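Accompanying notes for the structure given below.
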Amino acid sequence: MRNTHLLNNEIFSFEDVYKGKSRLNILAHGEKVNGVGKLTAGSKLTSNGSRRMEADELHGVLSSQYNLSNYDNIRTIVCYSGDGGSQSFGAQLAKVTGKTVKSYSGPVYNSIDIEGNTAIFNKELTDGRYDIFRKYEFSDELTIAKVNPFSFYEKDYWTFAYNPVYFRQSMLI
Numbered sequence: 001m002r003n004t005h006l007l008n009n010e011i012f013s014f015e016d017v018y019k020g021k022s023r024l025n026i027l028a029h030g031e032k033v034n035g036v037g038k039l040t041a042g043s044k045l046t047s048n049g050s051r052r053m054e055a056d057e058l059h060g061v062l063s064s065q066y067n068l069s070n071y072d073n074i075r076t077i078v079c080y081s082g083d084g085g086s087q088s089f090g091a092q093l094a095k096v097t098g099k100t101v102k103s104y105s106g107p108v109y110n111s112i113d114i115e116g117n118t119a120i121f122n123k124e125l126t127d128g129r130y131d132i133f134r135k136y137e138f139s140d141e142l143t144i145a146k147v148n149p150f151s152f153y154e155k156d157y158w159t160f161a162y163n164p165v166y167f168r169q170s171m172l173i
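Below you can see the structure in the form of structure tokens.
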């Protein structure tokens with residue numbers, strides 16, 4: 001994880017290398033609304049105070065921080081971002097960016113504490129060290145659970161699935 005940005009409340013972006021090429025990643029919370037995956041700005045459910053961010057708004061924010069022509073792919077590490085077919089968040093992001101977007105259907109279980117890292121980034125911003133801190137390459141690399149990490153007795157064991165979904169602009173026209 002390098003060139004990390006806190007884009008909004010609990011919405012991160014960072015670069016990594018995928019199949020030898022630079023990839024832009026979005027790490028955030030998401031929810032499914034009427035069968036369609038949506039990105040939420042904040043960990044609270046939207047009925048409790050957070051808001052949804054649409055793909056075109058995220059595209060504008062990303063464009064202000066990154067030269068998107070440097071990336072062949074974008075990955076949304078966002079629960080439900082692949083749900084809803086052409087109306088999903090991942091599909092809409094592919095449409096507005098012109099990039100192939102890898103999203104996930106259903107929940108995404110990963111190793112990064114979004115809320116904790118948001119607090120750290122906000123403290124560095126307050127202390128005037130944000131620009132230095134965001135360039136730090138995290139030693140704890142992101143991992144996404146591809147096999148069920150839960151005990152047979154845990155509720156999440158029964159609903160776990162690893163379901164990546166790919167969206168290409170050419171598929172959406």
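Quick note: the sequence shown uses our numbering, first residue 1, plus one each step.
Note that beta-carbon positions come from the ideal geometry of N, C-alpha and C, so glycine has one too.
Being a predicted model, the structure only gives us computed values, none of them experimental.
Tell me where the alpha helix (DSSP H) around residue i begins and ends.
i: VAL33; result: Per DSSP, VAL33 belongs to no alpha helix (DSSP H); it is in the beta strand (DSSP E), 29 to 33.
i: PHE89; result: 89 to 97
i: LYS146; result: Segment: none, LYS146 is in no alpha helix (DSSP H) and carries neither H nor E.
From what residue to what residue does the beta strand (DSSP E) around residue i run?
i: VAL17; result: 11 to 18
i: TYR153; result: Premise fails: TYR153 is in no beta strand (DSSP E) and is neither H nor E.
i: LEU39; result: 36 to 41
i: VAL101; result: 100 to 104
i: ARG52; result: 51 to 53
Return the bridge partner residues of residue i from the DSSP annotation.
i: ILE69; result: Per the sequence presented here, residue 69 reads as Ser, with Ile not at that position. Paired residue(s): none; SER69 is not in a bridge.
i: ARG2; result: GLU15
i: TYR162; result: Paired residues: none, contrary to the question.
i: LEU24; result: GLU15, ILE74
Since residue i contacts residue j with CB under 8 Å, what's their CB separation in whole angstroms?
i: ILE112; j: LEU27; result: 6 Å
i: VAL165; j: GLY90; result: 6 Å
i: ARG168; j: ALA55; result: Actually they do not touch by this definition, with Cβ atoms about 15 Å apart.
i: TYR104; j: ASN163; result: 6 Å
i: LEU142; j: VAL78; result: With 8 Å as the limit, LEU142 and VAL78 do not qualify as a contact, their Cβ atoms being about 13 Å apart.
The stretch 59 to 76 / the stretch 87 to 107 touching (three or more Cβ pairs under 8 Å): yes
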